[in-house]
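**Student:** For the protein sequence lines, the chains are A and B, in the order given.
Per full-length UniProt numbering: the first sequence = residues 1 to 326.
Per full-length UniProt numbering: the second sequence = residues 1 to 325.
Pasting in a structure now, in structure tokens, and then I'll have a few things to ask.
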Amino acid sequence: MTALLEIENLQTHFKTEGGVVRAVDGVDLKVNEGEVLGIVGESGSGKTVTALSALRLVDEPGKIVGGSIRYDGRDVLSMNKKELTQLRGDRISMIFQQPRVCLNPVISIGRQITELLKQHRDISSKEARNTAISLLNSVGIPDAEKRFSAYAHELSGGQAQRVMIAIALALKPRVLIADEPTTALDVTIQAQIIELLRELCREMGTALVLVTHDLGVVAELADRVAVMYAGQVVEETDVETLFSNPQHPYTQGLLSSMPVLGQRAERLTAIPGTVPKPSDMPPACRFAPRCKTRISLGMDICNQEPPQLLRTAKGSVRCWAIEGAS
Amino acid sequence: MTSQPLLSLRGLSAYFPIKSGLMQKTTGWIKAVDDITFDVKPGETLGLVGESGCGKTTLSRTILGLRAVQSGSIRFDGEDLTGMSLRDLVSKRRDMQLIFQDPNASLDPKRRVGATVRAGLDIHRIGTVRERDERVAEMFARVGLDPSLRNRFPHEFSGGQRQRIGIARALIMKPRFVICDEPVSALDVSVQSQVLNLLKDLQEELNLTYLFVAHNLAVVEHMVDRVAVMYLGRIVELADRDELFDRPQHPYTKALIDAIPAATPANRRHRALLKGDIPSPANLPPGCPFQARCPSVMSKCKEKMPPDFVTGGNHRVACWLAEDT
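This is the structure we're talking about:
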């Protein structure tokens with residue numbers, strides 16, 4: 001497998017009145033052809049900024065200040081405006097958490113698809129219309145021919161997300177970045193959208209980058225997973241290993257704090273404390289103040305030197321406890 | 001448990017008028033809460049589960065007297081709250097408190113958090129000012145916050161800490177009954193379990209009765225003794241926790257449980273997906289509210305509303321399929 005999208009040592013910072021916020025601080029990620037990469041993290045972990053950076057969609061005061069992003073071997077950071085437009089939508093596209101906010105409220109959903117098709121492809125209006133209708137059909141919009149002229153406000157949340165997916169996949173991109181695609185949806189609708197993403201991406205051979213806080217969605221969809229904490233990747237491995245044998249104390253904590261259906265435990269295991277504020281980042285390992293492993297092993301190094309991402313048999317982990325053991 | 005229920009709803013309904021035209025004439029009703037009957041026993045946690053728009057929030061507000069009742073009765077501790085004067089209701093509400101979903105929206109950003117927590121004591125003039133402050137400090141410590149933080153403003157706290165403040169605000173009145181309206185759905189996973197554990201500890205210590213409103217079934221299963229499933233304003237199934245999760249009977253409950261993502265990749269499965277979206281609660285067709293999405297719909301379902309069938313002990317289900325069992 002060749003890496004389609006390769007992010008190396010990415011640094012995206014935000015200049016604020018209170019100082020520089022290092023939202024993404026040295027992230028390495030690889031997306032292979034046709035695979036599903038899950039990026040998991042809590043709020044403030046930098047997962048969304050990482051995803052936006054991949055398409056250079058980070059707005060002021062945010063800025064990519066270091067690292068490299070390569071798509072199919074080409075340097076994304078040095079692309080000019082025209083090349084970028086070609087890249088976005090055509091090769092890599094993106095869907096968001098709030099589908100209705102992202103759809104244009106004054107243009108019919110059908111025209112939002114045909115416009116995109118005509119801009120990127122040399123086809124007639126009629127062909128574009130037919131393609132759009134078959135796209136709406138394939139994402140499960142009932143009565144696609146009629147709904148072609150519907151507006152965003154006439155759609156339910158689930159339908160709006162389906163339309164977003166139709167727009168995102170209209171040009172058959174090779175990578176689809178989905179930022180919390182099911183978070184705003186109800187459980188029964190979430191299950192429908194997960195199934196739809198799984199089927200469409202498999203059918204078209206599109207790689208999916210799934211950005212989410214929900215480990216359940218990751219368990220359902222992902223092939224590989226990167227766990228982010230406070231702007232860094234702390235663990236990266238295949239999905240089976242992540243769930244059966246998590247290495248990083250943060251991953252272990254996340255998994256055990258998730259209430260699991262059928263377990264009916266009296267108490268949940270909780271990770272003490274909260275995610276650190278960017279202005280108040282721990283000097284070395286960013287998880288150290290909350291880490292049970294550090295306390296039980298009595299490790300001082302965690303507060304003195306930042307751990308590096310270390311290769312393991314099945315992935316990589318950023319933790320001094322693992323480094324010491326190997 | 002045969003003790004007298006703490007809260008008892010009988011045929012409770014709350015409708016919203018649909019107004020249209022120049023004269024804003026009422027042309028129809030949205031039955032947000034429709035003919036709801038259940039009891040909450042002292043000391044138990046009753047889970048109320050449903051998707052957005054099913055009426056679970058309207059139901060909690062109606063119980064607290066924050067929404068007008070269309071018909072039916074709400075009895076709290078043996079007294080009927082419907083038709084009670086506002087003054088009596090306000091004093092009654094000391095015993096009933098609400099923990100809100102979004103701690104960012106429910107705390108006054110311009111008020112010190114200590115004052116927010118103290119507000120109930122001020123309104124009901126409980127104790128001297130010094131005693132109130134002592135109670136606030138105690139409450140802060142009880143929910144796991146440093147009492148010295150009580151002169152700060154909400155923006156200085158994280159989401160989990162703000163929810164702790166919301167819990168302190170609700171519990172300072174020493175209520176007997178607390179409605180938790182999606183108390184953890186706005187929180188991060190690692191913080192969510194802290195708050196759930198706290199709610200369980202407080203229940204045990206203070207002998208609280210909870211109505212736990214949530215959409216996340218895994219959280220509900222962890223927290224409650226009994227579960228009521230709500231769909232389009234009606235309770236479609238109500239049973240003890242183990243009974244409901246082990247032997248769900250209503251097709252909607254089955255679909256809800258089936259729709260939960262797998263806990264591990266090894267448990268990925270093909271599921272029977274529910275088709276379509278939740279229909280608008282305005283102008284529903286006659287018969288069962290779930291008929292449009294039900295995989296086992298029969299002609300009877302489109303004609304008559306299914307009544308509550310009681311199957312095996314404490315299990316109640318509003319579905320024609322349960323008629324023969």
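Note that the Cβ used here is the ideal one computed from N, Cα and C, for glycine as well.
Note that the structure is a prediction, hence the values are computed from the model and not measured.
1) Using 8 Å as the limit for Cβ to Cβ distance, is B:Asp277 near chain A?
2) Contact defined as beta carbons within less than 8 Å: I believe A:Leu274 pairs with B:Ser158. What is the distance between those atoms, to the nearest angstrom?
3) Determine, using beta carbons only, whether B:Met230 and B:Val49 come nearer to each other than 8 Å.
4) Using C-beta distances below 6 Å, list every residue in its chain close to A:Gln190, excluding the 5 sequence neighbours before and after it, in chain order.
5) Report the residue from B:Met84, B:Val236, B:His124 whose alpha carbon sits nearest the alpha carbon of B:Ala322.
6) Using a beta-carbon distance cut-off of less than 9 Å, what residues from the stretch 257 to 269 of chain A approach chain B?
7) Looking at the unbroken beta strand (DSSP E) that takes in B:Ile74, where does it start and where does it end?
8) Between B:Leu199 and B:Pro175, how many whole angstroms is the CB-CB distance? I'm expecting something under 8 Å.
9) Name the chain A residues that come within less than 9 Å of B:Gln249, Cβ to Cβ?
10) Cβ of A:Leu10 within 8 Å of Cβ of A:Val24?
11) Spell out the partners DSSP gives B:Glu44 in its beta bridges.
12) Identify, in the order they occur along the chain, each residue of the same chain with its Cβ nearer than 8 Å to the Cβ of A:Gly46, setting aside the five sequence neighbours on each side.
13) Once the 5 residues before and after B:Arg67 are set aside, which same chain residues still bring their CB inside 7 Å of it?
14) What's the C-alpha gap between B:Met1 and A:Asn32?
15) From the beta carbon of B:Thr264, is the nearest beta carbon of chain A less than 8 Å away?
16) Can you name, in chain order, every residue of its own chain whose Cβ lies under 6 Å from the Cβ of B:His315, other than the five neighbours on each side?
17) Between which two residues does the beta strand (DSSP E) holding A:Val187 run?
18) With 8 Å as the threshold, decide whether the Cβ of A:Leu254 is near any Cβ in chain B.
19) If contact means a Cβ-Cβ distance below 7 Å, which residues of the stretch 209 to 228 of chain B contact chain A?
20) Grab the span of the alpha helix (DSSP H) containing A:Pro249 for me, first residue to last.
21) At a cut of 8 Å, does the stretch 132 to 148 of chain A reach the stretch 63 to 74 of chain A through at least three beta carbon pairs?
22) Quick one: which unbroken alpha helix (DSSP H) runs of 4-plus residues sit fully inside the stretch 93 to 130 of chain B? Chain order, please.
23) Out of B:Asp122, B:Phe212, B:Thr26, point me to the one whose CA is closest to residue 328 of chain B's CA.
24) When you compare the CB of B:Glu243 with every CB in chain A, is at least one pair closer than 8 Å?
25) Taking buried to mean at least 16 other C-beta atoms within 10 Å of its own C-beta, is B:Gln97 buried or exposed?
26) Whole-angstrom Cβ separation of B:Ile154 and B:Val113, contact assumed at under 8 Å?
27) Quick check: is the beta carbon of A:Thr188 nearer than 8 Å to any beta carbon in chain B?
28) Out of curiosity, what's the CA-to-CA distance linking B:Gly55 and B:Ala218?
**Tutor:** To lay it out plainly:
1) yes
2) Here residue 274 of chain A turns out to be Thr, not Leu, going by the sequence shown. About 4 Å; that satisfies the 8 Å criterion.
3) yes
4) Thr182
5) B:Val236
6) Ser257, Met258, Pro259, Val260, Leu261, Gly262, Gln263, Arg264, Ala265, Glu266, Arg267, Leu268, Thr269
7) 71 to 76
8) With a Cβ gap of about 13 Å, B:Leu199 and B:Pro175 do not count as contacting.
9) Under the 9 Å cutoff, chain A gives no residues; its nearest Cβ is about 17 Å from B:Gln249.
10) yes
11) DSSP output for B:Glu44 lists no bridge partner at all.
12) Thr12, Ala23, Val24, Asp25, Val27, Met228, Ala230, Gly231, Gln232
13) Ala14, Thr58, Arg61
14) Low confidence applies to B:Met1: its pLDDT is 46, below 50, so where it sits in the model is not reliable, and the reading given next is rough at best. C-alpha separation (whole angstroms): 58 Å.
15) yes
16) Ala239, Glu243
17) First-last for A:Val187: 187 to 204, but that is the alpha helix (DSSP H), not the beta strand (DSSP E).
18) yes
19) His215, Leu217, Ala218, Val219, Glu221, His222
20) 249 to 257
21) no
22) 103 to 106, 113 to 123
23) The structure shown does not extend to residue 328 of chain B, since chain B spans only 1 to 325, so no value can be given for it.
24) no
25) buried
26) Looking at the sequence itself, residue 154 of chain B is Pro, so the reference to Ile does not match. Going by Cβ atoms, the distance from B:Pro154 to B:Val113 rounds to 6 Å, so yes, they are a contact pair.
27) yes
28) 20 Å
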